[in-house]
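Chains as they are written, first to last, in numbering that gives the first Met the number 0: chain A, 0 to 125; chain B, 0 to 125.
The beta-carbon is built from N, C-alpha and C at its ideal position, and this holds for glycine as well.
Number of protein chains: 2
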Amino acid sequence: MILKQPVHTPEACTQSIGAVRDTLYVLSGKWKLPIIIALSAGPSRFKDLQRSLNDITPKILSKELKELELNEFVTRTVYATSPVTVEYALTRYSQTLNKIIEGMREWGVQHRKRMMSNSRKEKKLL
Amino acid sequence: MILKQPVHTPEACTQSIGAVRDTLYVLSGKWKLPIIIALSAGPSRFKDLQRSLNDITPKILSKELKELELNEFVTRTVYATSPVTVEYALTRYSQTLNKIIEGMREWGVQHRKRMMSNSRKEKKLL
DNA sequence: GATACCGGTATCCTTTTGTATAGCGCTTAA
DNA sequence: TTAAGCGCTATACAAAAGGATACCGGTATC
Chain A
0 MILKQPVHTP EACTQSIGAV RDTLYVLSGK WKLPIIIALS AGPSRFKDLQ RSLNDITPKI
60 LSKELKELEL NEFVTRTVYA TSPVTVEYAL TRYSQTLNKI IEGMREWGVQ HRKRMMSNSR
120 KEKKLL
Chain B
0 MILKQPVHTP EACTQSIGAV RDTLYVLSGK WKLPIIIALS AGPSRFKDLQ RSLNDITPKI
60 LSKELKELEL NEFVTRTVYA TSPVTVEYAL TRYSQTLNKI IEGMREWGVQ HRKRMMSNSR
120 KEKKLL
């Protein structure tokens, strides 16, 4: 049988913290998850990605893509057209992140609702 | 009926990116999730938290706790002992993060396994 | 009286992250 | 011939995050 509920012994917590920190490490920064989500609609070229992401600068996009490639979330394919075409695509491995992404998406949506209803309440109090 | 599979129209992706960025924003930084996990074992005092977290500096811990309080993930209670005792505890709202945390924990564990088996393969190739 | 713990704050510094701007070699379209 | 798009890289800079160290007022302990 698999434990579904987290155990809260000090050791178990330390282990959880370690695992979560590993995850935070490879997903670090503002842009990695947004890039992965943008690519989830299908392969995309550099400039198109840049436009999808509300004007990330090319320097950062380039850097982040390299890191995503290193972590095997993204592939970079160069087509011998002229001039060359470069296409970025998600790997299968990137799909293991789906649960996290979906969790964050749902949470973000409900959090925004909560924030909005809070600010409505505050207005009423004035 | 509720759609379980993500939709990948450009608009849907832009919305997902927005929601995920909201989430990333409130969970930003290296320490917020680790702090929450550490507190999931029960309320804790400042110095104890610092020890649980493998030597986060007091400045950062203090700053992060303030932000967690602002976002209603954590409460700060001062007891009138002498000298005063300060206890940090999780709120109910912080439990809405459980799915995300659990997802990241699981992912971190399997990612580490994968990395280790990769490095074993590389050693064989040498 | 000296030392040590608690819950932090203050100061300074380094690293990381991000922005702004320019440019390059190549090609197609006007 | 000029302008514009592509896939970046280079340079310079600013802002944010994080770390190191020291310290403070209060209390308890030796």
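Rounded separation between residue i and residue j - CA only
{"i": "A/L67", "j": "A/S118", "result": "38 Å"}
{"i": "A/S51", "j": "A/A37", "result": "7 Å"}
{"i": "B/T95", "j": "B/E71", "result": "11 Å"}
{"i": "B/I59", "j": "B/R75", "result": "16 Å"}
{"i": "A/R111", "j": "B/S81", "result": "41 Å"}
{"i": "A/S93", "j": "A/K123", "result": "45 Å"}
{"i": "A/G17", "j": "B/E10", "result": "36 Å"}
{"i": "B/M115", "j": "A/S116", "result": "46 Å"}
{"i": "A/F45", "j": "B/P57", "result": "42 Å"}
{"i": "B/E121", "j": "B/E63", "result": "40 Å"}
{"i": "A/M103", "j": "B/V19", "result": "5 Å"}
{"i": "A/S27", "j": "A/K65", "result": "13 Å"}
Residues near residue i in its chain [Cβ-Cβ closer than 7 Å; skip 5 each side]
{"i": "B/I55", "result": "W30 and Q49"}
{"i": "B/V77", "result": "V83 and V85"}
Helix, strand or coil at residue i [DSSP, three-state]
{"i": "A/S15", "result": "helix"}
{"i": "A/V25", "result": "helix"}
Contact set for residue i: own chain, Cβ-Cβ below 8 Å, skip 5 residues either direction
{"i": "A/Q14", "result": "none"}
{"i": "A/H7", "result": "none"}
{"i": "A/I35", "result": "L67, F72, V73, L89, S93, L96 and I100"}
{"i": "A/A79", "result": "none"}
Checklist entry - Are the segment 28-43 of chain B and the segment 74-93 of chain B touching by the rule of at least three beta carbon pairs closer than 8 Å? => result Yes, since at least three Cβ pairs between the segment 28-43 of chain B and the segment 74-93 of chain B fall closer than 8 Å, the two stretches touch.
Checklist entry - For the segment 84-115 of chain B, which segments carrying the beta strand (DSSP E) assignment without a break, of at least 3 residues, lie completely within its bounds, in sequence order? => result List check, beta strand (DSSP E) in window: 84-89.
Next on the checklist: Check whether the segment 106-117 of chain A and the segment 17-32 of chain B are in contact - that is, three or more C-beta pairs closer than 8 Å.
Outcome noted: Contact between the segment 106-117 of chain A and the segment 17-32 of chain B is present, because at least three Cβ pairs lie under 8 Å.
Item to check | 4-residue-minimum alpha helix (DSSP H) runs that sit fully inside the segment 35-75 of chain A, ordered along the chain | outcome: Runs found: 45-51 and 57-69.
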